[in-house]
Amino acid sequence: MQILEHQDEFRESLLSWYRREKRDLPWRRTSNPYYIWISEVMLQQTRVDTVIPYYERFVEKFPTMSALAEAEEEELLKQWEGLGYYSRARNLQAGVREVVENYGGSVPANRKEISALKGVGPYTAGAVLSIAYGIPEHAVDGNVMRVLSRLLIIEEDIAIPRTKKIFEKVVMDLIDKEDPSSFNQGLMELGATICTPKPRCLLCPVRDFCAAFLEGRQEELPVKTKKTKMKITPVASVVIRNEQGQWLLRQRPAKGLLANLWEFPMIELTDDEPLHDKMRAQYGIELHHCKALINFKHVFSHITWELQSYLAELSSMTTIPDDAQFFTEEEVEALPKPVPVIKIWNEIKGNA
DNA sequence: AAAACGGGGAC
DNA sequence: GTCCCAGTTTT
Numbered sequence: 002m003q004i005l006e007h008q009d010e011f012r013e014s015l016l017s018w019y020r021r022e023k024r025d026l027p028w029r030r031t032s033n034p035y036y037i038w039i040s041e042v043m044l045q046q047t048r049v050d051t052v053i054p055y056y057e058r059f060v061e062k063f064p065t066m067s068a069l070a071e072a073e074e075e076e077l078l079k080q081w082e083g084l085g086y087y088s089r090a091r092n093l094q095a096g097v098r099e100v101v102e103n104y105g106g107s108v109p110a111n112r113k114e115i116s117a118l119k120g121v122g123p124y125t126a127g128a129v130l131s132i133a134y135g136i137p138e139h140a141v142d143g144n145v146m147r148v149l150s151r152l153l154i155i156e157e158d159i160a161i162p163r164t165k166k167i168f169e170k171v172v173m174d175l176i177d178k179e180d181p182s183s184f185n186q187g188l189m190e191l192g193a194t195i196c197t198p199k200p201r202c203l204l205c206p207v208r209d210f211c212a213a214f215l216e217g218r219q220e221e222l223p224v225k226t227k228k229t230k231m232k233i234t235p236v237a238s239v240v241i242r243n244e245q246g247q248w249l250l251r252q253r254p255a256k257g258l259l260a261n262l263w264e265f266p267m268i269e270l271t272d273d274e275p276l277h278d279k280m281r282a283q284y285g286i287e288l289h290h291c292k293a294l295i296n297f298k299h300v301f302s303h304i305t306w307e308l309q310s311y312l313a314e315l316s317s318m319t320t321i322p323d324d325a326q327f328f329t330e331e332e333v334e335a336l337p338k339p340v341p342v343i344k345i346w347n348e349i350k351g352n353a
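Just so we're aligned, residue 2 is where the first sequence starts under my numbering, counting upward by one.
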């Protein structure tokens, strides 16, 4: 089935535009599958401008798969600090370890095997295969669905998982067999710079092929039902300093939100029970001279923390929880911490 | 199929 | 405020 008239001309217009206009990005200066892999994982749900400095530091710190395979998780998370979706980092390391142990250090060059690696889903598999190895495989992300939904007027709801299969099929039909890397990246580059949610069609190199532009319907596509009921959670974070001037940090659980990152002991404020009682009940900590620090909101993808923070002294008689310990200022700096915790820490240091 | 999973930039 | 970003995993 021919899904698009003038397929060859479309490919040529897209590819010549991409080769002429593509941004000079760090991961476009290499074809090392490991580096491409790193970049694609970092770019999941994350903008290019945010990723660039993280990518540069990461490949400098872990220049080989062996280096990453041997790294401590704390060191890994410190490199990822502030980038979000921290399971990406753990999954990347797990995947790299699989490659080192089971594939002799060579990233698999077929969809079946590469997709079996931790953290490598349908998009990342296709991206690494096409960009690093030049294999004609689909790499369908949000950009590609937006571009193709307009190009072909595909009105299926892109919020529904099975809709992506439609676009994967379209890409496999359209993809340039000679340069699948530039084709896939060209679609994404177009979506990121021209065919944006608010499209700039007058700059588009393929508008003559675009069914939505022809009908003036580009603003209506893609169709996406949204629905996020944001949950609001009031929390209190207590910064505790002992008589030696050390700070009490707790490591978050290994699963769930901000897994394994460090924080000042945090309490969910579900009822109107006093903070002191909750600290005693949940942590066995007795607070003295509790002073209010700063209050702010922190928005995650599905939760908003309404966060209160306090500075308190700890009585020397109290036992501390076994998932928490005291750290010097230098040690606190070195621990991987989520952004709201860093914000509190900066407030502490500013007051000192 | 839906929810969980971070953080920031653009409007 | 809303949207959504070079998505994947878990439930």
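Each residue gets a CB set at the ideal place from its N, CA and C atoms; glycine is no exception.
In this structure, DSSP gives residue 348 a helical state, which the three-state scheme calls helix. Buried is the label assigned to residue 266, since at least 16 other Cβ atoms lie within 10 Å of its Cβ.
The residues 176, 178 and 181, in chain order, have a CB closer than 6 Å to that of residue 137 in the same chain once the five nearest residues on each side in sequence are set aside.
DSSP places residue 155 outside both helix and strand once states are collapsed to three, so it counts as coil. For a cut-off of 8 Å, the C-beta gap from residue 155 to residue 225 is around 12 Å, too long to register as a contact. The beta carbon of residue 195 sits closer than 6 Å to the beta carbons of 201, 204 and 205 from its chain, once the five residues preceding and following it are set aside; these are given in chain order. When only Cα atoms are considered, residue 295 and residue 306 end up about 13 Å apart. If you draw a 10 Å sphere on the C-beta of residue 352, you find fewer than 16 other C-beta atoms in it, and that means exposed. Counting only runs of at least 3 residues, the segment 217-247 fully encloses the following beta strand (DSSP E) elements, listed from N- to C-terminal order: 232-242. Listed in chain order, the non-local C-beta contacts of residue 271 below 7 Å within the same chain number zero, local neighbours out to five positions each way being set aside. Between residue 315 and residue 241, the CB-CB gap stays under 8 Å.
Taking 8 Å as the cut-off, the Cβ atoms of residue 118 and residue 94 do not count as close. Assigned with DSSP and collapsed to three states, residue 32 falls in coil, not helix or strand.
Rounded to whole angstroms, residue 219 and residue 143 show a C-alpha spacing of 16 Å. A straight line joining the alpha-carbon of residue 79 with that of residue 22 spans about 35 Å. Annotation: residue 126 to residue 213 spans about 29 Å, alpha carbon to alpha carbon.
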